[in-house]
Amino acid sequence: MNNFKILLLFLFAFSSCKTDKKTTPEVLNTTKPATDFVIAFGSCNNQNLPNTFWGEIKKNNPAVWIWGGDIIYSDTEDMAYLEQNYLKQKNNVDYMNFIKNLDVLATWDDHDYGVNDGGTEYPKKAEAQQLFLDFFDVPKNDERRMQEGVYFAKDYKVGAKSIKIILLDTRYFRTALTDDTETKKRYKPAINTDATILGEKQWNWLQEQLENSQASYTIIMSSIQFLSAEHGFETWGNMPSEVEKLEKLLISTNTKNAIILSGDRHISEFSKKEVNGLNYPLIDFTSSGLTHSYSNFSGENNQFRFGNVVSEKSFGILKFDFENDTVLMEIRGENNKLYETISQKY
Ligand SMILES: [Fe+2]
Numbered sequence: 001m002n003n004f005k006i007l008l009l010f011l012f013a014f015s016s017c018k019t020d021k022k023t024t025p026e027v028l029n030t031t032k033p034a035t036d037f038v039i040a041f042g043s044c045n046n047q048n049l050p051n052t053f054w055g056e057i058k059k060n061n062p063a064v065w066i067w068g069g070d071i072i073y074s075d076t077e078d079m080a081y082l083e084q085n086y087l088k089q090k091n092n093v094d095y096m097n098f099i100k101n102l103d104v105l106a107t108w109d110d111h112d113y114g115v116n117d118g119g120t121e122y123p124k125k126a127e128a129q130q131l132f133l134d135f136f137d138v139p140k141n142d143e144r145r146m147q148e149g150v151y152f153a154k155d156y157k158v159g160a161k162s163i164k165i166i167l168l169d170t171r172y173f174r175t176a177l178t179d180d181t182e183t184k185k186r187y188k189p190a191i192n193t194d195a196t197i198l199g200e201k202q203w204n205w206l207q208e209q210l211e212n213s214q215a216s217y218t219i220i221m222s223s224i225q226f227l228s229a230e231h232g233f234e235t236w237g238n239m240p241s242e243v244e245k246l247e248k249l250l251i252s253t254n255t256k257n258a259i260i261l262s263g264d265r266h267i268s269e270f271s272k273k274e275v276n277g278l279n280y281p282l283i284d285f286t287s288s289g290l291t292h293s294y295s296n297f298s299g300e301n302n303q304f305r306f307g308n309v310v311s312e313k314s315f316g317i318l319k320f321d322f323e324n325d326t327v328l329m330e331i332r333g334e335n336n337k338l339y340e341t342i343s344q345k346y
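Residues in the sequence shown are numbered from 1 upward in steps of one, following my numbering.
Okay, structure coming up:
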């Protein structure tokens, strides 16, 4: 403890002892570990490569594991091959041990959907959806078996607080991206305002979810990045009208403390944006990948970046401290090494 803290403690104890002797423990409480609720997440898991993280992630005591997509790599229109790759992951003993006593939520990205950077044009999307749901043993009468797309939401009640987790499907309805033919970048922002990431039906569902929610925190898993938009790979920023639409929806539905999670990029980073009309900063926490990363990453612009890019393999941790309305977000990797962190007060 440094001298300043000792002085503060002394002053607090001195000033409060006349009126209430029980106030001193409150000061000590502020130093307790923030572990009221822990969510872990990650993406980009090649079933043919070793994943050394399952045991390490578990050490953080998560209540929930969220898959941010690329659960397997299986670019194909051959559904027998896709099924075989899911089975390979399901036969992974370390993974199966990891998910014991853990709530697992998931969305997909392009390589488990079936095609690199794929969207609504993929002809096997309905079949691939059923195999995705089979992998998670989703019952045959579950609503996700009947709907188009794997979007889903679940609410958690923890004491007096509640957390809503929303999984978006950024593949099933996503219209064509605009190739960038002038620069070395792969895609550029669409001028066409009909361009969509979520599609009409999913947007309506999302609006309903947010309108009817009283959750203290709303976690939105998007698979592709939401805020970082200058790199030219897949991002919500390739459809600026969709970015604006989600920000406006968070404002109009009065969504409390939304945090966006993403993956896809094989790098991990925090992006943070002050959105006019939101009374908290919007964070996009990108965590990717679990089995392989963009190890020769040489830098890219992201006006919203907070801290440094992690180009090592990594996973993401969110630790909720309800008493102090703070979420500690951590990018961790091999042997639980802590790479980057944000402690955000809400
Ligand atoms: Fe990936």
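Note that CB positions come from ideal geometry on N, CA and C, so glycine has one too.
Proximity below 7 Å, CB of residue i to CB of residue j
{"i": "residue 163", "j": "residue 153", "result": "no"}
{"i": "residue 298", "j": "residue 271", "result": "no"}
{"i": "residue 251", "j": "residue 277", "result": "yes"}
{"i": "residue 264", "j": "residue 223", "result": "yes"}
{"i": "residue 226", "j": "residue 267", "result": "no"}
{"i": "residue 42", "j": "residue 338", "result": "no"}
Residue i burial status per 10 Å Cβ neighbour count (16 or more: buried)
{"i": "residue 123", "result": "exposed"}
{"i": "residue 32", "result": "With a pLDDT of 49 at residue 32, under the threshold of 50, the modelled position of this residue cannot be trusted, and the question is left open."}
{"i": "residue 131", "result": "buried"}
{"i": "residue 187", "result": "buried"}
{"i": "residue 287", "result": "buried"}
{"i": "residue 21", "result": "Residue placement at residue 21 is poorly supported in this model, since its pLDDT is 37, which falls under 50; the coordinates still yield a value, given next. It is exposed - the Cβ of residue 21 has fewer than 16 other Cβ atoms within 10 Å."}
{"i": "residue 239", "result": "buried"}
{"i": "residue 295", "result": "exposed"}
{"i": "residue 235", "result": "buried"}
{"i": "residue 170", "result": "buried"}
{"i": "residue 160", "result": "exposed"}
{"i": "residue 344", "result": "buried"}
{"i": "residue 129", "result": "buried"}
{"i": "residue 97", "result": "exposed"}
{"i": "residue 302", "result": "buried"}
Start-to-end residues for the alpha helix (DSSP H) that takes in residue i
{"i": "residue 226", "result": "Segment: none, residue 226 is in no alpha helix (DSSP H) and carries neither H nor E."}
{"i": "residue 57", "result": "54-58"}
{"i": "residue 210", "result": "199-211"}
{"i": "residue 127", "result": "125-135"}
{"i": "residue 84", "result": "79-90"}
{"i": "residue 308", "result": "Element bounds for residue 308: not the alpha helix (DSSP H) but the beta strand (DSSP E), 305-310."}
{"i": "residue 151", "result": "Premise fails: residue 151 is in no alpha helix (DSSP H) and is neither H nor E."}
{"i": "residue 37", "result": "Not the alpha helix (DSSP H): residue 37 falls in the beta strand (DSSP E), residues 37-42."}
{"i": "residue 113", "result": "110-113"}
Endpoints, the beta strand (DSSP E) within which residue i is located
{"i": "residue 71", "result": "Run containing residue 71: none; DSSP gives neither H nor E here."}
{"i": "residue 251", "result": "Looking at the DSSP string, residue 251 is not in any beta strand (DSSP E); the run it does join, the alpha helix (DSSP H), is 240-252."}
{"i": "residue 340", "result": "338-345"}
{"i": "residue 93", "result": "Here residue 93 belongs to no beta strand (DSSP E); instead the alpha helix (DSSP H) covers 93-98."}
{"i": "residue 103", "result": "103-106"}
{"i": "residue 284", "result": "282-286"}
{"i": "residue 321", "result": "315-321"}
{"i": "residue 271", "result": "268-273"}
{"i": "residue 162", "result": "161-167"}
Whole-angstrom C-beta distance between residue j and residue i, which should lie under 8 Å
{"i": "residue 318", "j": "residue 99", "result": "Not really, about 18 Å apart at Cβ, beyond 8 Å."}
{"i": "residue 333", "j": "residue 314", "result": "4 Å"}
{"i": "residue 75", "j": "residue 44", "result": "With a Cβ gap of about 14 Å, residue 75 and residue 44 do not count as contacting."}
{"i": "residue 340", "j": "residue 307", "result": "5 Å"}
{"i": "residue 300", "j": "residue 230", "result": "7 Å"}
{"i": "residue 94", "j": "residue 54", "result": "5 Å"}
{"i": "residue 119", "j": "residue 176", "result": "7 Å"}
{"i": "residue 215", "j": "residue 155", "result": "7 Å"}
Chain B contact for residue i (CB, 7 Å cutoff)
{"i": "residue 297", "result": "This model lacks chain B altogether; it includes just one protein chain."}
Touch check for the region 325-340 and the region 94-108: three-plus C-beta pairs under 8 Å? no
Could you say if the region 56-67 and the region 84-92 meet the contact criterion of at least three C-beta pairs nearer than 8 Å? Touching, no, given that fewer than three Cβ pairs across the two stretches are closer than 8 Å.
Are the region 184-204 and the region 135-145 in contact at 8 Å, needing three or more beta carbon pairs? Contact between the region 184-204 and the region 135-145 is absent: fewer than 3 CB-CB pairs across the two stretches fall below 8 Å.
Under 8 Å, with one C-beta from each stretch per pair, do the region 181-195 and the region 210-228 reach the 3-pair mark? no
How do the region 309-318 and the region 239-248 stand: do at least 3 beta-carbon pairs fall below 8 Å, yes or no? No, the region 309-318 does not touch the region 239-248.
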